[in-house]
Amino acid sequence: MLPSIRESSMRRWLSIFILISLFSFSQAAIFNRYTVGVLESQGNEAVAEVAQAVWERLNDQLSLDSHYITYHSKSDVMQALKAKKVDVVLGPIKAQPGHPGIVFLSSYIDDNVEVYTPYKSLSFWQEIAPFLRVLASSVVLALFVLIVIVGVLVWWFERRKNTDFPRKPLRGIGAGIWFAMVTMTTVGYGDKSPKTFLGRLVTIIWMVLMLFLVTSMTAVITAELTSARVSSKHQAVVLSSFKGERVAFLQGDKVAANLVRHYRAKPMVVAGVEQAMNLLSAHKVAAAFLNSIDARYYLVKHPDHEVEQTNLVFPNGRYAFAMRAGSAKVALLDQALLLMEDTGQLAHIEKKLLGGGHEPLEQQVSL
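17 is the number of the first residue of the sequence shown in the working numbering; add one for each residue after it.
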């Protein structure tokens with residue numbers, strides 16, 4: 017009888033354990049199941065592609081079970097979110113107030129208005145300007161000061177016992193600077209050499225120091241030249257330069273329209289990015305104020321257009337996923353998006369779909 021009671025008790029506990037495991041598994045499955053409301057691109061194919069790519073990365077990293085429902089209007093998909101028919105909304109939707117009961121997650125891409133101008137080939141002075149700026153930089157000046165100091169020290173120690181370094185300061189220091197220069201460049205003509213102990217000690221220290229400095233300074237100068245060339249590629253312009261000039265912008269773009277009106281440019285409303293790019297390439301407008309996402313997306317698909325980005329960027333909102341306020345899933349997705357931003361995954365997706373942009377040069381301006 018005792019074995020029977022013991023077996024019955026074990027079966028009961030085993031059944032309870034199985035039920036708890038099944039319940040936990042089902043709860044985890046329910047928590048990972050997402051009904052995703054996808055808003056049609058509505059002419060914003062670039063944003064739609066970025067949103068889809070970001071969600072797919074989230075889907076893979078969090079092992080989500082996503083089911084998609086397509087909606088044709090923003091009001092319909094937002095209503096479905098409030099009615100708990102979908103858990104999250106993705107697509108060309110900006111994070112903005114006016115949606116009670118709805119929260120927006122961390123932005124996955126910013127929307128800006130950028131200024132584009134026709135491509136202009138660089139003049140001779142513009143071509144050599146980066147090199148001249150590097151020559152005038154603190155790095156080159158510091159090197160020149162070091163050469164002078166070493167030249168003076170070598171002359172001072174050698175002037176009494178070495179005819180290669182005349183006693184007269186002007187000629188002697190000149191010879192010392194020449195010696196420091198050829199030693200630094202490892203040319204070593206052999207026309208001059210130190211003979212005193214202190215002169216040779218200074219020379220040894222100078223040669224060893226140059227082994228380390230030349231390599232690092234070459235890298236610095238190369239970086240500065242590259243940066244200067246990139247800077248000259250992205251034109252530095254001011255909005256006042258467009259006064260009285262024809263400037264294109266998309267119909268319905270209020271930010272661009274306000275800028276054109278404020279700076280007294282001649283407005284030219286266009287139907288789309290393609291028309292604006294064609295006008296720029298044909299030099300029929302002085303500039304075009306375009307949505308950064310759409311413009312970059314178009315140029316990735318059509319790189320043959322001869323246009324240039326300027327240094328002007330005007331913030332115009334941000335795109336984000338929408339969810340119901342109070343949902344337990346909000347914190348999970350928001351943390352995952354922040355992690356993607358911190359690890360550069362969002363930037364990688366943006367660069368892959370929209371090209372590199374000009375992040376190091378952008379000068380954000382608020383109205």
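All C-beta atoms, glycine included, are put in the ideal place defined by N, C-alpha and C.
Predicted model only: the values in this text are computed from it and were never measured.
CA-to-CA distance, residue j to residue i, given in whole angstroms
i, j, result
"P319", "N294", "12 Å"
"V63", "L296", "23 Å"
"I193", "F228", "20 Å"
"V316", "E322", "13 Å"
"K259", "N274", "14 Å"
"S429", "Y314", "Because the chain is modelled from 17 through 383, residue 429 falls outside the range shown and cannot be assessed."
"K368", "T359", "16 Å"
"I85", "E56", "10 Å"
"F160", "M200", "11 Å"
"K100", "T51", "9 Å"
"A304", "D269", "12 Å"
"A272", "H278", "10 Å"
"L370", "M223", "49 Å"
"Q351", "S232", "40 Å"
"A158", "E174", "24 Å"
"L106", "Q267", "25 Å"
"K184", "A235", "38 Å"
Which listed residue (the options) has its alpha carbon closest to that of residue i
i, options, result
"G53", "I220, V93, N332 and M284", "V93"
"Y335", "L186, F265, L353 and F160", "L353"
"A287", "H278, R280, R277 and L306", "L306"
"E290", "A302, A272, A311 and I221", "A311"
"V164", "L255, V218, Y135 and G59", "V218"
"R73", "E357, V161 and S209", "E357"
"E261", "T201, P134 and S122", "P134"
"V156", "A96, V230 and E174", "V230"
"L80", "W71, Y87 and L97", "W71"
"K136", "A96, N48, A235 and A298", "A298"
"K177", "L186, M197, A99 and S209", "S209"
"L225", "T202, D207 and Q351", "T202"
"V301", "N75, S91, S257 and A363", "S257"
"E324", "A272, V131 and S89", "V131"
"A341", "E174, L97 and W222", "L97"
"L78", "R49, V102 and G59", "R49"
"I220", "A196, T234 and D207", "A196"
Proximity test, residue i beta-carbon vs the ligand ZN heavy atom, cut-off 6 Å
i, result
"Y135", "Questions concerning the ligand ZN fall outside what the structure shown contains, since it holds no ligand whatsoever."
Test item: CB-CB of residue i and residue j under 7 Å
i, j, result
"D127", "N332", "yes"
"F330", "V129", "yes"
"M339", "V119", "yes"
"A69", "I365", "yes"
"V104", "F265", "no"
"L349", "L121", "yes"
"F181", "G188", "yes"
"V263", "V276", "yes"
"L362", "Y124", "yes"
"P108", "N60", "yes"
Any chain B beta carbon closer than 7 Å to residue i
i, result
"A99", "Any reference to chain B falls outside this structure, which holds one protein chain only."
Opposing strand residues paired with residue i [DSSP bridges]
i, result
"N75", "Note: N75 sits in no beta bridge, so no partner."
"R262", "K282"
"A303", "V263"
"I221", "Answer is none; I221 lacks a bridge partner."
"Y87", "L55"
"P185", "Paired residues: none, contrary to the question."
"N128", "P331"
"I109", "Its beta-bridge partners do not exist; DSSP assigns none."
"T199", "For T199, which the question treats as bridged, DSSP gives no partner whatsoever."
"A338", "V105 and F120"
Pair every Cβ in the region 106-116 with every Cβ in the region 277-296, then say whether three or more of these pairs are closer than 8 Å. no
Inter-stretch contact (C-beta, 8 Å, three-pair minimum) for the region 163-171 and the region 211-227: yes
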